[in-house]
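Asker: Here it is: the structure, laid out below.
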Ligand SMILES: NC(=O)c1ccc[n+]([C@@H]2O[C@H](COP(=O)([O-])OP(=O)(O)OC[C@H]3O[C@@H](n4cnc5c(N)ncnc54)[C@H](OP(=O)(O)O)[C@@H]3O)[C@@H](O)[C@H]2O)c1
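Residue numbers (the UniProt record's numbering): 1 to 320.
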C-alpha cells in the first residue's frame with residue numbers, strides 16, 4: 001500500500017514519503033499500538049518532536065517491528081524536532097542525541113528546529129541566539145551523520161532568506177501551518193526558489209487543538225475557536241461528493257498535488273487508512289485552483305505560539 005504514496009526527493013537526494021503520520025497529542029501507552037497500526041496501514045513516514053513526549057513509545061514500537069521483520073529502518077522516514085529550549089547551538093547536539101536514545105535509532109531522516117526562537121528550559125527567552133546560530137548547530141548535526149537532512153519549522157520568509165545567505169548546507173525542509181484557509185503563498189514561492197520541500201501541518205484544521213489546556217488552566221487555542229473548519233468548506237464537500245471521497249481525502253490529496261508533504265494526525269485505525277488512501281483518484285488542476293480561489297479573504301492562522309511573542313526572533317511579530 002505504501003508504494004502508492006508519491007515520494008518527494010529533497011535537494012540532497014533523500015527520499016521523503018509525501019504522506020506521513022502526525023503524532024502531536026498521541027501520548028501514553030496507546031502510542032505503541034498507533035505506530036504499529038500506521039506501519040501496517042502503509043505509513044513509512046512519522047512526524048514527532050521532543051514536545052510531543054511520545055518518542056519513547058515510537059521507539060519501542062519501531063524496535064518491535066524491526067525485530068519482527070515487518071519493516072526495515074531504511075524503509076522509514078522519521079522526523080523529530082528540537083523545541084525552543086533545545087535549538088541553541090550549545091545544546092542542540094545533546095537534544096538530538098537524547099531524542100535518538102528515546103527513539104532507539106542511530107539517526108533520524110529529518111531534524112527540524114521546531115521554532116526559530118531559543119529559550120531556556122524554564123521558558124525564559126535567549127535573545128543571544130539568532131536563526132543563523134540555530135542553523136549552524138543543525139549543520140553540525142548533519143555533518144556528524146546524526147540526521148539525513150535538516151530543516152526549519154515555523155520560520156518566516158525573511159528568517160529563511162537570512163539562513164540562505166549564510167548556509168553551508170541548504171535548508172532541506174520547511175514545516176509550517178498550511179491549510180486551505182492559510183495557503184502560505186509567499187512561503188511556497190520562497191521554498192520553490194530555494195528548492196526547499198514544504199511539510200504542511202494542521203492540514204485538517206487541527207480539530208484536536210481545542211482540547212489542549214495551557215499553563216493557566218484555560219484552553220490554549222480559545223482565540224481560534226470560531227475559525228471555520230475547512231472540512232465544511234462547500235467546494236471541498238462538492239469535490240468529495242463528485243469523487244466519492246471524504247472532505248479529509250480531498251484536502252490531503254489537493255495539498256500533495258501542490259508538491260507539499262502532509263502529516264495528518266490520527267490515532268484511529270480507520271481514519272489512518274482514510275488519510276493515506278488518497279491516490280486512486282485525481283483532482284484536476286482547475287479543481288485545485290477552484291479550492292484555492294475560495295480561500296477566505298483573511299488568512300486564518302490557528303497556531304500563534306504565544307510563548308515566543310516578544311522574542312526578537314518571534315516569527316509572527318508582524319502579524320500579531
Ligand atoms: N511543527 C509544528 O509546530 C507543528 C504544529 C502542529 C502540528 N505539527 C505536526 O503536524 C501534525 C498534524 O497537525 P495536527 O495534529 O495539529 O492537525 P491535523 O492533522 O490537521 O488534525 C488532526 C485532528 O484531526 C482528526 N482527524 C484525523 N483524521 C481524521 C479523519 N479522517 N476524519 C476526521 N477527523 C480526523 C484527529 O483526531 P483523531 O486522532 O481522534 O482521529 C485530530 O484531532 C501533528 O500531529 C504534528 O505531527 C507540527
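The beta carbon of each residue, even a glycine, is placed where N, CA and C say it ideally should be.
Per DSSP, which one or two residues make a beta bridge with residue 172?
Answerer: Counting from 1 along the chain shown, the entry for residue 172 is found at position 172. Beta-bridge pairing links residue 172 to no other residue.
Asker: Sort 289, 283, 268 by Cα distance to residue 243 and report the nearest one.
Answerer: For the purposes of this step, residue 243 is taken as the residue at position 243 of the chain shown. Cα-wise, what sits closest to residue 243 is 283.
Asker: Please work out which residues of its chain come closer than 8 Å, Cβ to Cβ, to residue 129, disregarding the five sequence neighbours upstream and downstream, and give them in chain order.
Answerer: Taking the chain shown and counting its residues from 1, the one referred to as residue 129 is at position 129. Result list for residue 129: 87, 88, 89, 118, 313, in chain order.
Asker: From the DSSP secondary-structure annotation, give me the bridge partner or partners of residue 151.
Answerer: Taking the first residue of the chain shown as position 1, residue 151 is located at position 151. Its beta-bridge partners are 112, 173.
Asker: Tell me whether the region 270-286 and the region 302-313 touch, counting them as touching only if at least three CB pairs, one residue from each stretch, are closer than 8 Å.
Answerer: Flag = no, the region 270-286 and the region 302-313 do not touch.
Asker: So residue 326 and residue 265 are in contact, right, with Cβ under 8 Å, and what is the actual spacing, rounded?
Answerer: Only positions 1 to 320 of the chain appear in the structure, and residue 326 is not among them; the question remains open.
Asker: Buried or exposed for residue 177, please, with buried defined as at least 16 other CB atoms from any protein chain shown within 10 angstroms of its CB.
Answerer: If you number the chain shown from 1, residue 177 lands on position 177. That one is buried.
Asker: From residue 204 to residue 231, what does the alpha carbon distance come to, in whole angstroms?
Answerer: If you number the chain shown from 1, residue 204 lands on position 204. If you number the chain shown from 1, residue 231 lands on position 231. Spanning the two alpha carbons is a distance of roughly 7 Å.
Asker: Starting from residue 142 and walking both ways along the alpha helix (DSSP H), at which residues does that stretch end?
Answerer: Position 142 of the chain shown, counted from the first residue, corresponds to residue 142. Counting along the chain, the alpha helix (DSSP H) containing residue 142 begins and ends at 131-143.
Asker: Between residue 317 and residue 71, what straight-line distance do the alpha-carbon atoms span, to the nearest angstrom?
Answerer: Translated into the one-based positions of the chain shown, residue 317 becomes position 317. Translated into the one-based positions of the chain shown, residue 71 becomes position 71. Taking the straight line joining both Cα atoms gives about 43 Å.
Asker: Please report the residue range of the alpha helix (DSSP H) in which residue 166 lies.
Answerer: Counting from 1 along the chain shown, the entry for residue 166 is found at position 166. Counting along the chain, the alpha helix (DSSP H) containing residue 166 begins and ends at 157-166.
Asker: Scan the region 217-299 and note each continuous alpha helix (DSSP H) run of 4 residues or more that stays entirely inside, going in chain order.
Answerer: For the region 217-299, whole alpha helix (DSSP H) runs of length 4 or above, ordered along the chain, are 234-243, 247-257, 269-276, 285-293.
Asker: Helix or strand or just coil, what does DSSP make of residue 19?
Answerer: Here residue 19 refers to the residue found at position 19 of the chain shown. Three-state result, residue 19: strand.
Asker: What did DSSP end up calling residue 52 once you bin it into helix, strand or coil?
Answerer: Here residue 52 corresponds to residue number 52 of the chain shown, with the count starting at 1. Helix, per DSSP.
Asker: Can residue 172 be considered in contact with ligand 1, in the sense that its beta carbon sits closer than 7 Å to one or more heavy atoms?
Answerer: Position 172 of the chain shown, counting from 1, holds the residue named residue 172. Flag unset: Cβ of residue 172 not near ligand 1.
Asker: Is the Cβ-Cβ distance between residue 49 and residue 80 less than 8 Å?
Answerer: As a position in the chain shown, residue 49 is number 49, starting the count at 1. As a position in the chain shown, residue 80 is number 80, starting the count at 1. Contact flag set, yes.
Asker: Can you give me the Cβ contacts of residue 7 inside the same chain, cut-off strictly under 8 Å, excluding the 5 residues immediately before and after it?
Answerer: Stepping through the chain shown from its first residue, residue 7 is reached at position 7. Taken in chain order, the residues that qualify are 15, 16, 17, 18.
Asker: Looking at the structure shown, is residue 47 part of a helix, part of a strand, or coil, going by DSSP?
Answerer: Residue 47 sits at position 47 when you count from the first residue of the chain shown. Residue 47: strand per DSSP, three-state reduction.
Asker: In its own chain, which residues sit with a C-beta less than 8 Å from the C-beta of residue 320, not counting the 5 before and 5 after it?
Answerer: If you number the chain shown from 1, residue 320 lands on position 320. Cβ within range, chain order: 304, 309, 314.
Asker: Give me the DSSP bridge partner(s) of residue 8.
Answerer: Against the chain shown, residue 8 aligns to sequence position 8. DSSP lists 16 as partners of residue 8.
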